[in-house]
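Some notes on the structure that comes next.
In this note's numbering, the protein residues as written are 910 to 1057.
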């Protein structure tokens, strides 16, 4: 006997589908189905981590993480604040040119806030571990999330 996964039964396309959002809290439970009675699959501890909403069911959103993981999150734990994630190690440039000065080197999976885009570059705000703020440019193809 086989069982259908809850994510397959309940998933519905909606106006919120295919929308980048981010995690509102610094600790978010990702459930295997759309409800608190479904087991927690993952606990994500990164506030502002971008996620892609792929479908919804009531107050629940089925979201996809940058690594392809798909689970359910309650909509109250999601924010419309635009954030991106670096996909690989990248340089933070002083201007939107490949040969511009490097201000910093960012590792993979660093959360950044996009400010504006220009010629396939994104001006971003980065908060360091020391709570310093840096503003610089990263190529759009080096980011995952809503850049514009």
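C-beta atoms are modelled at their ideal positions from N, C-alpha and C, and glycine is treated no differently. These numbers were taken from a predicted model, which means no experiment stands behind them.
Whole-Å CB distance - residue i paired with residue j, under 8 Å assumed
i, j, result
"residue 996", "residue 932", "Residue 996 to residue 932, Cβ: 18 Å. No contact."
"residue 951", "residue 1004", "Not a contact, Cβ separation roughly 38 Å."
"residue 1054", "residue 959", "4 Å"
Nearest-angstrom Cα separation, counted from residue j out to residue i
i, j, result
"residue 990", "residue 930", "7 Å"
"residue 1006", "residue 992", "22 Å"
"residue 1043", "residue 973", "28 Å"
"residue 962", "residue 938", "15 Å"
"residue 913", "residue 965", "Its pLDDT being 47, under 50, residue 913 is placed unreliably by the model, and the measurement read from it follows with that caveat. So the alpha carbons of these two residues sit roughly 17 Å apart."
"residue 911", "residue 1002", "No answer about residue 911 holds up, because its pLDDT of 41 lies below 50 and its placement is not dependable."
"residue 916", "residue 936", "Low local confidence applies: a pLDDT of 49 at residue 916 is under 50, so the model's placement there is unreliable, and no value is given."
"residue 955", "residue 1050", "22 Å"
"residue 1013", "residue 949", "37 Å"
"residue 1048", "residue 1039", "24 Å"
"residue 968", "residue 944", "9 Å"
"residue 928", "residue 983", "15 Å"
Opposing strand residues paired with residue i [DSSP bridges]
i, result
"residue 975", "None, per the DSSP bridge assignment."
"residue 929", "961"
"residue 1005", "Its beta-bridge partners do not exist; DSSP assigns none."
"residue 1048", "1030"
"residue 995", "1052"
"residue 937", "953"
CB of residue i within 8 Å of CB of residue j, strictly
i, j, result
"residue 947", "residue 957", "no"
"residue 1033", "residue 1024", "yes"
"residue 970", "residue 979", "no"
"residue 994", "residue 1022", "no"
"residue 1015", "residue 1031", "no"
Going residue by residue through the region 945 to 991, where are the continuous beta strand (DSSP E) segments of at least 3 residues, counting only ones entirely within it?
Qualifying beta strand (DSSP E) stretches, in chain order: 949 to 953, 959 to 966, 969 to 973, 979 to 983.
If you scan the region 1017 to 1041 from start to end, which runs of the beta strand (DSSP E) of 3 or more residues do you find wholly inside it?
Runs of the beta strand (DSSP E) inside the region 1017 to 1041: 1020 to 1027, 1030 to 1036.
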